[in-house]
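> Can you keep this structure in mind? I'll have questions shortly.
Residue numbers (mature numbering (1 follows the signal peptide of the UniProt record, and there is no 0)): -21 to -1, 1 to 931.
Structure follows, in structure tokens:
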């Protein structure tokens, strides 16, 4: 009777065998047992003997296939066991069991007793031995039950005839394994079953190469935790940051961290490091690719990390490897001299060939001088001028000099007598010794006493007497006289102080003077009226008009931890939840980690890595996202703080607020997924593109920030850290507010800076009441927005420059406000000043700011008047009295760079004559407008000197 039921099972195997085929398994699965691939008998132990039976059938390739079946359904009290041999686990802590089987429907069997079953049980037993006790001694307590297996598809006698039966496939996992291997056991309690195949496997993360690092095959962990794997750099690569990845429980690699880079002389090609070919080089591992050798250098072999200079060309020790090889300069032009009795002034033109460098300096040698700066009268000296640059000391060739012979003169002038009146002084003097040659002319210099630096006058005459007219009555003047002979100018003969006669400056009763005075007053009044009228007309059409606000803040309602304004949307603080995890569930969408593909690390946040990648949600297109990961070893408090930002962002929906895509909290690492902003933070973006945008483009960025802040203020959310560094910019130049941290604690430190979990926030962005009383409101955010406006117009310049925080606090308290940046429209600076009103009730609201910016964008002509056009126009030529670098910078209002020049070694005016724009950048002059201003002044200096001047 049993044989009758075996044949139906054989028919089932025959019918379904084409479905088995030649099975290919995923790369991340390692098979430990596969009954289909057995070449002979499986040799599994069955008990009792009339229970499970091993049979052989032919698969679609006519290869014998071994399987087990049992069908004792007509007999009650069945307890048939089948046990495999020892299955080694090969280090896996978790294995999977895949069972393919067929099962007969009890209802299709006529006369079958009620003991017929349609399920069977699967057990396992861990062991270090390959010889377990016989099955007849089996105690069920020695085995751990995996599951009771039921069929999704059962067959009937009709199915046998039609041969349309389907296989059932069930997969179960076994975790926490520690011993050498396991035995599987199958228990039949009275069913008609055929085990078509049994496969046991474990999962691994297969060998992978990423970021020039090789990650070895890794067995997954015993539970859902990730396994951290350290990568090894490929050949000819070195670690930039230790490469690591995490092997997930399902055999996938996650969260690549760190990377390797190709070492000098090699570049990355198709994921491997290849040597630089001849004629190319790579000097640093931080460089991406090999580049062509710079001019006048070569590399004849592969793998070059630098190029060798051609003969006659050199590279200084401080020159970067990317710089062209250069050579010493040619000789300067023949000097032109001007001499007096103890001084010689030399002029020469620059060398025709600078050697390809911009650091040309000059060395002046004097033959016969007793000391470097002391000459004798009526003495001939030989001067040599040598041009040098940064590689002159490397050349073995003789130096080339320009020489000139100069004879000093002896000319002394002495004032002998004088005559004075109310508005003139007459001077007379003796000329120099006739042996010095004929006097060509005399030079008389005079100025009001104590005003030498402000104004002085130079007069010339060929006689030894002069009357100076047009002087002020009752005023003391200082006079000096010197002579110029064929030998040059002599020294001044000493100073003499003379005072004009006293007389009233203005007679009270003089009708002519009264008329002049009345005309002057009337003219001043007319001018004042015109200026006021212009200001009123301009303000009416273009200016920012402040609307008055209530002196007190709008009243707020507090209910269940929420802050409500009548008729407004409400922001809910995550800390009002008893369970912070509930806030995450309420406001953030949970994302399956399988929908995320991490591509590269773009930065590091407070809690872990920040990566860019792709997000593909069901029925949606794939998008570019930013991924913040919570680093391993976190505390529960750190996890809550990390996810609190998602709880906040998830409540906002505005085109100028960074958008939250979702969170990953059900597996490790915990992640926050946001939209990706291609251009990064606003301050860095502006510094990188200094001077490249129009005022309207900058205005558009500011309008977006103001619109986002208006939305937040209407939600009753106070940002408390609004700054350009916390504004992100996408590829379309859309600005979005970000960084929604919570903690703001005022530390008791010397700089009075705020400390958050994300680092210190300088007070230069913070409103005075927030510094003094920790009073954070939307009005304090408006103050911060004014600073952001200043940052944007100045292309990311640091507010208050190098002032200390204490100096900033004091200056603001005394009424100081930041001046208008270069090329800043008047109306924009006025809006900044309104944002910086000391009384917070006087500041505009964000809605008013948005309306004002919209009005300016619609009327761009209002942006033409500049707040500082008189200050920032091309600098005037420095006065003749300027003799030091410090005085020069002060005269062009660039004194903030004094230390920059001094540190770089520019201590004389001659040394700055040929400073280039690139060298200014190295000095720390980053703003394009400041560079232009300094370079224009340098050109003026060059024009004044008409070459290079040295006085000995």
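Glycine included, each C-beta is placed from N, C-alpha and C at the ideal position.
(1) By DSSP's criteria, residue 67 is part of a beta bridge. Which residues make up the other side?
(2) Go ahead and label residue 250 buried or exposed: buried means 16 or more other beta carbons lie within 10 angstroms of its beta carbon, across all protein chains shown.
(3) Are the segment 83 to 102 and the segment 194 to 208 touching by the rule of at least three beta carbon pairs closer than 8 Å?
(4) Please classify residue 640 as buried or exposed, where buried requires at least 16 neighbouring CB atoms within 10 angstroms.
(5) Provide the residue span of the beta strand (DSSP E) that contains residue 54, from first to last.
(6) Would you kindly work out how many angstroms separate the C-alpha atoms of residue 271 and residue 245, rounded to a whole number?
(7) Could you please give the first and the last residue of the uninterrupted beta strand (DSSP E) stretch that includes residue 408?
(8) Per the contact definition of three or more C-beta pairs closer than 8 Å, is the segment 440 to 453 in contact with the segment 401 to 409?
(9) Kindly give me the distance between the Cβ atoms of residue 170 and residue 97, rounded to whole angstroms, as I take these residues to be in contact under 8 Å.
(10) Answer yes or no: do residue 172 and residue 57 have a C-beta to C-beta separation smaller than 8 Å?
(11) Mapping the DSSP letters down to three states, classify residue 574 as helix, strand or coil.
(12) Does the beta-carbon distance from residue 162 to residue 9 come in below 8 Å?
(13) Near residue 705, what residues of its chain come up, given a Cβ to Cβ distance below 6 Å and the 5 sequence neighbours on each side ignored?
(14) To the nearest angstrom, how far is the alpha carbon of residue 604 from that of residue 843?
(15) Need the endpoints of the alpha helix (DSSP H) that residue 563 sits in, please.
(16) I'd like the span of the beta strand (DSSP E) that includes residue 764, first residue to last.
(17) Specify, as a first and last residue, the run of the alpha helix (DSSP H) that residue 680 falls within.
(18) Quick check on residue 224: buried or exposed, where buried means 16 or more other Cβ atoms within 10 Å of its Cβ?
(19) Note the first and the last residue of the continuous alpha helix (DSSP H) segment covering residue 897.
(20) Determine the closest residue to residue 230 out of 204, 212, 218, 219, with distance taken between C-alpha atoms.
(21) Leaving out the 5 sequence neighbours to the left and right, which residues in its chain are closer than 7 Å to residue 532 when beta-carbon positions are compared?
(22) Would you mind working out which of 806, 812, 684, 772 sits nearest residue 746, comparing C-alpha positions?
(23) Just mark residue 37 as buried or exposed, buried being the case when its beta carbon has 16 or more other beta carbons within 10 Å.
(24) Taking the alpha carbon of residue 112 as the point to measure from, which residue in 71, 160, 62, 798 has its own alpha carbon closest?
(25) Exposed or buried, which one is residue 670 when buried takes at least 16 other CB atoms within 10 Å?
(26) Is residue 126 buried or exposed, if buried means 16 or more other CB atoms sit within 10 Å of its CB?
(27) Residue 561: beta carbon under 7 Å from a heavy atom of the ligand MN?
(28) Among 54, 248, 75, 464, which residue has its Cα nearest to the Cα of residue 90?
(29) Taking residue 44 as the reference, which of 33, 52, 51 has the closest Cα?
(30) Given that a residue counts as buried once 16 or more other Cβ atoms are within 10 Å of its Cβ, and exposed if not, what is residue 917?
(31) For residue 186 and residue 712, I'd like the C-alpha separation in whole angstroms.
(32) Beta strand (DSSP E) containing residue 77: first to last residue?
(33) Per DSSP, what kind of secondary structure is residue 754 in: helix, strand or coil?
(34) Over the uninterrupted alpha helix (DSSP H) stretch that includes residue 879, give me the two end residues.
(35) Does the segment 572 to 586 touch the segment 594 to 613, meaning 3 or more C-beta pairs lie closer than 8 Å?
(36) For residue 626, tell me which candidate among 903, 653, 362, 418 has the shortest Cα-Cα distance.
According to the structure data:
(1) 160
(2) exposed
(3) no
(4) buried
(5) Element bounds for residue 54: n/a, residue is neither H nor E.
(6) 13 Å
(7) 404 to 409
(8) yes
(9) 6 Å
(10) no
(11) helix
(12) no
(13) 717, 718
(14) 40 Å
(15) 559 to 566
(16) First-last for residue 764: 757 to 772, but that is the alpha helix (DSSP H), not the beta strand (DSSP E).
(17) 674 to 693
(18) buried
(19) 896 to 902
(20) 204
(21) Residue confidence is low: residue 532 scores 35 on pLDDT, short of 50, so the model does not pin down where it sits. No coordinate-derived value is stated.
(22) 812
(23) exposed
(24) 62
(25) exposed
(26) exposed
(27) For the ligand MN, the structure offers nothing, since it holds no ligand at all.
(28) 54
(29) 33
(30) buried
(31) 41 Å
(32) 74 to 82
(33) coil
(34) 877 to 882
(35) yes
(36) 653
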